[in-house]
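Using the numbering used here, read the sequence shown as starting at 767 and increasing by one per residue.
Each residue gets a CB set at the ideal place from its N, CA and C atoms; glycine is no exception.
Just so it is clear, the structure is predicted and the values come from calculations on it, not from any experiment.
A quick write-up on the structure given underneath.
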Amino acid sequence: MTSVAGTPQTAVVTEPTAEESAGQACAPSDLSAAHLHPHPALAALTVGAIGVVFGDIGTSPLYAFREALGQTSAGGIDPTEILGVLSLALWSLFLVVTVKYVIFLMRADNQGEGGVLALAALARRALGMRSRIAIVLGAAGASLFYGDAIITPALSVLSAMEGLRTIPSAAHIFNEGVVRALTIGILIALFLIQSRGTAQVSKLFGPVCILWFVAIGALGIWHIADEPSIVRVFLPTYGISFLATHGVTGLFVLGAVFLTVTGAEALTADMGHFGKLPIRIGWFFLVFPALALNYLGQGAFALSRLEDAAARGVPFVNQDWFFLMAPESLRPALIILAGFATVIASQAVITGAFSLTQQAIQLGLLPRLRIRQTSAVFAGQIYLPAINWLLLIGVLVLVIQFKTSSAMAAAYGIAVTGTMVVTTLLAYIVVRHRWNWSRPLALAAILPFLTLDLIFFGANILRVIEGGWVPLVIAAAIGLIIFTWVRGKKIVSTFEKRQSIPLSDLASALEKRPPERVSGTAVFLTGNPHATPGALLHNLKHNKVLHERNLIVSIRTADRPFVEESARAKVERVDDNFSIVVLTYGFMESPDVPRDLGVGNKTEQLGLDPMRTSFFIGRNTLKPDAEKGMPPWQDRIFLFLQRNASDPTDFLKIPPGKVLELGEQVTV
């Protein structure tokens, strides 16, 4: 038997605003007034987007070409294989990132917000009563993202530190053990500073990443001069021919080639922070050209080394092409810059994990966790201690277990391709049911992207044994937690509904037989505002008193990222004793019940005096039962989650000294 503090359940509001209703018949336009920023603001947003949005995909040249070429090395590497791999890499960037994300999927936003859960909320609103599939897809995408969030810091920072081994004079010092120790030290420091927030240091992200993209583009241009004919790989025939002639090996190469587009999800996930236009400007005018030039340079450099090896009669070996492109005298500076770039990429994915968790909590997919605001200026600057330390443990286990970035690369693709498949399926729901496209037109738009995603996913599944099992295990564990939490909450909610009586019935009964009255205001938090809260019944039963004012407050989460302040609180008067208050929050907002009830502000609507207001929260004792509800093993998981959830008063920002908790035993 475990005693836990229950939180008022949150319902999901699906009614669109007037503005949304007006735009349902067509796709959102990128030329809306929201994106027509003044030039100085647009420039600042573009610099910020380059520093946050493109950190992950921007560091993929460190390992992507090397890993893809390495899949062909068993039987020796010839020029057609270098050209084929390079062609596949460039066309992957064009089709997956440019066409699918930048041009198409960035149009499927939820009031400017993107990402898998924002898209799931949009799909959920479009489907209405049939929204279960959107919830399942959103949970699957979120589960896979956590695998990505663990692998990205480990792989990117380790690959940057491995560049130290390309310095001939220092190669004997920086062996695998030293490189691993440096990586672990950097990662620990990165996670330790999360509690202080990154608002100040994030100002450097944009300039550092701009320098990074300029540097890698310049390196590429320098080596394209070695083999100017390398530009012929823009013809897709090289990639198609490679796949046609290499059989199963071609699929393994395709799985590794996908590493070039890891991080593409960030383009939609960060739309709410920067807007579509700054992200598109950053991609087309700096990031895409820099990446393409760098990959071309690596290919040209590899071809020249292959020709040199053939002329000298020595075997050609796959190497760390990115760092070897730089002159030995400049290589240390490039390694330092790569270290900063990978830390920025890691920071972006950590912040993304915090934001995704906050959304999942608001949507009812995860239990309450402690959320701290780390900036008084930026609302998006949050810190979740539990997620931070779990991510750090996962990252360190990966670095210690896999030892090298090459061994870890196989684990990366599955997490990202899985998330992309989910995103594409959700996009179909939005296109078909939100934008009201016909089924043939929606299929014509989405099916090519889904086919491409499934091909990449299938190619990466072949590498499960090499390490691809890692994100699958992480996603399965997160998925089990989400499933258990949602199912357990539903059982508790069903019990509470069975035990409750309509508030109108109680109000009528109390008019006939009034109880003892006490001064002040009582706020009762509940999931169903039209049913009598359990805490109110227990207060009447045991204390036999009723406050002079009683507010029945329900917290709801909208399928929108933010809710206007004017629409936050809706008040419905029941009688002289009771009023119903519904507080609605977007899935990216943190509830603040006292503030939004006007406690201390004495708003005209409610006018609550903080010294005369008490908050009542239901506190139920959960008891597992092998014969009812969930299986015993799921009971134990649910009880563990409940026991370790943050205190509801902390989550709802209610002063602890103003809270009374009442409840009963519930069998799960």
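{"query": "Around the Cβ of isoleucine 1110, are there at least 16 other Cβ atoms within 10 angstroms (buried) or fewer (exposed)?", "result": "buried"}
{"query": "Excluding sequence positions up to five away, which residues of its chain have a Cβ less than 6 angstroms from the Cβ of leucine 1303?", "result": "none"}
{"query": "Determine, using beta-carbon pairs with one atom in the stretch 1161-1177 and one in the stretch 1232-1249, whether at least three such pairs fall under 8 angstroms.", "result": "yes"}
{"query": "Using 8 angstroms as the threshold, is the C-beta distance between glycine 824 and valine 980 below it?", "result": "no"}
{"query": "May I ask you to verify whether the stretch 1069-1082 touches the stretch 1043-1059, counting CB pairs closer than 8 angstroms and requiring at least 3?", "result": "no"}
{"query": "Rounded to whole angstroms, what is the Cα-Cα separation between phenylalanine 1222 and isoleucine 952?", "result": "32 angstroms"}
{"query": "Mind reading off the beta-carbon distance from threonine 1185 to valine 863? Whole number of angstroms is fine, and I expect it under 8 angstroms.", "result": "No, threonine 1185 and valine 863 are not in contact; Cβ-Cβ is about 14 angstroms, not under 8 angstroms."}
{"query": "May I have the straight-line CA-CA distance separating phenylalanine 1088 from threonine 1217, to the nearest angstrom?", "result": "31 angstroms"}
{"query": "Could you give the residue range of the beta strand (DSSP E) that holds tyrosine 867?", "result": "Per DSSP, tyrosine 867 belongs to no beta strand (DSSP E) and is neither H nor E."}
{"query": "Excluding the five sequence neighbours on either side, which residues of its own chain have a C-beta within less than 6 angstroms of the C-beta of lysine 1419, listed in chain order?", "result": "Asp1358"}
{"query": "Tell me the rounded alpha-carbon separation between glycine 1013 and tyrosine 1004.", "result": "15 angstroms"}
{"query": "If you compare alpha carbons, which of Met927, Phe1290, Thr1170 and Asn1309 is closest to proline 1281?", "result": "Asn1309"}
{"query": "Do leucine 1192 and alanine 900 have their CB atoms nearer than 8 angstroms?", "result": "yes"}
{"query": "Could you check if threonine 1415 is buried or exposed, using at least 16 other CB atoms within 10 Å of its CB as the buried criterion?", "result": "buried"}
{"query": "Which runs of the alpha helix (DSSP H) spanning at least 4 residues fall entirely within the stretch 1345-1429, listed in chain order?", "result": "1359-1363, 1398-1410 and 1414-1417"}
{"query": "Only counting runs of 4 or more residues, tell me where the alpha helix (DSSP H) segments fall wholly within the stretch 1093-1168, in order along the chain.", "result": "1097-1128 and 1151-1168"}
{"query": "Using alpha carbons as the reference points, say which of Ala1210, Gly907 and Pro1397 lies closest to isoleucine 1257.", "result": "Pro1397"}
{"query": "Cα separation between alanine 886 and glutamine 1124?", "result": "15 angstroms"}
{"query": "With a threshold of 6 angstroms on Cβ separation, who are the neighbours of alanine 834 within its own chain once the five nearest residues in sequence on each side are excluded?", "result": "Val851, Val1019, Ala1022 and Val1023"}
{"query": "Does the Cβ-Cβ distance between isoleucine 933 and proline 1098 come in under 8 angstroms?", "result": "yes"}
{"query": "With a threshold of 6 angstroms on Cβ separation, who are the neighbours of alanine 1243 within its own chain once the five nearest residues in sequence on each side are excluded?", "result": "none"}
{"query": "When we look at the beta-carbon of tryptophan 1399 and count the other beta-carbons within 10 Å, is it buried (16 or more) or exposed?", "result": "exposed"}
{"query": "Would glutamine 1147 and glycine 963 be called neighbours here (beta carbons separated by less than 8 angstroms)?", "result": "yes"}
{"query": "Could you tell me which of His1313, Ala889, Gly1395 and Arg1361 sits nearest to alanine 1335, measuring between CA atoms?", "result": "Arg1361"}
{"query": "Find the nearest neighbour of isoleucine 1166 within the set Glu942, Ile848, Leu1291 and Ala892, judged by alpha-carbon distance.", "result": "Glu942"}
{"query": "For a test of the three-state rule: what should DSSP assign to serine 858, helix, strand or coil?", "result": "helix"}
{"query": "From the DSSP output, in three-state form, read off leucine 1001 for me.", "result": "coil"}
{"query": "Looking at C-alpha atoms only, which residue of Ala1107, Ile1321 and Thr1011 is the closest neighbour of aspartate 978?", "result": "What sits at residue 978 in the sequence shown is tryptophan, not aspartate. Closest by alpha carbon: Ala1107."}
{"query": "Excluding five sequence neighbours on each side, which residues of the same chain lie with their C-beta closer than 8 angstroms to the C-beta of alanine 872?", "result": "For clarity, residue 872 is methionine in the given sequence; the question names alanine instead. Taken in chain order, the residues that qualify are Asp796, Gly880, Leu1033, Thr1034, Met1037, Lys1042, Ile1045 and Arg1046."}
{"query": "I want to know whether the stretch 1375-1390 touches the stretch 1342-1356 - three or more CB-CB distances under 8 angstroms.", "result": "no"}
{"query": "For leucine 1291, which of helix, strand or coil comes out of DSSP?", "result": "strand"}
{"query": "For the putative contact between leucine 1150 and leucine 1135, defined by C-beta atoms under 8 angstroms, what is the C-beta separation to the nearest angstrom?", "result": "5 angstroms"}
{"query": "Assuming valine 923 contacts threonine 949 (C-beta within less than 8 angstroms), just tell me the rounded distance between them.", "result": "5 angstroms"}
{"query": "Note down, in chain order, each residue of its chain lying with its Cβ closer than 8 angstroms to the Cβ of phenylalanine 911, except the 5 sequence neighbours on either side.", "result": "Val882, Glu1031, Gly1118, Ala1119, Leu1122, Ala1181 and Thr1185"}
{"query": "Going straight from the alpha carbon of phenylalanine 1417 to that of proline 1390, what length do you get?", "result": "26 angstroms"}
{"query": "Jot down the residue ranges of each uninterrupted beta strand (DSSP E) in the stretch 1230-1294, minimum 3 residues, whole runs only, in chain order.", "result": "1282-1291"}
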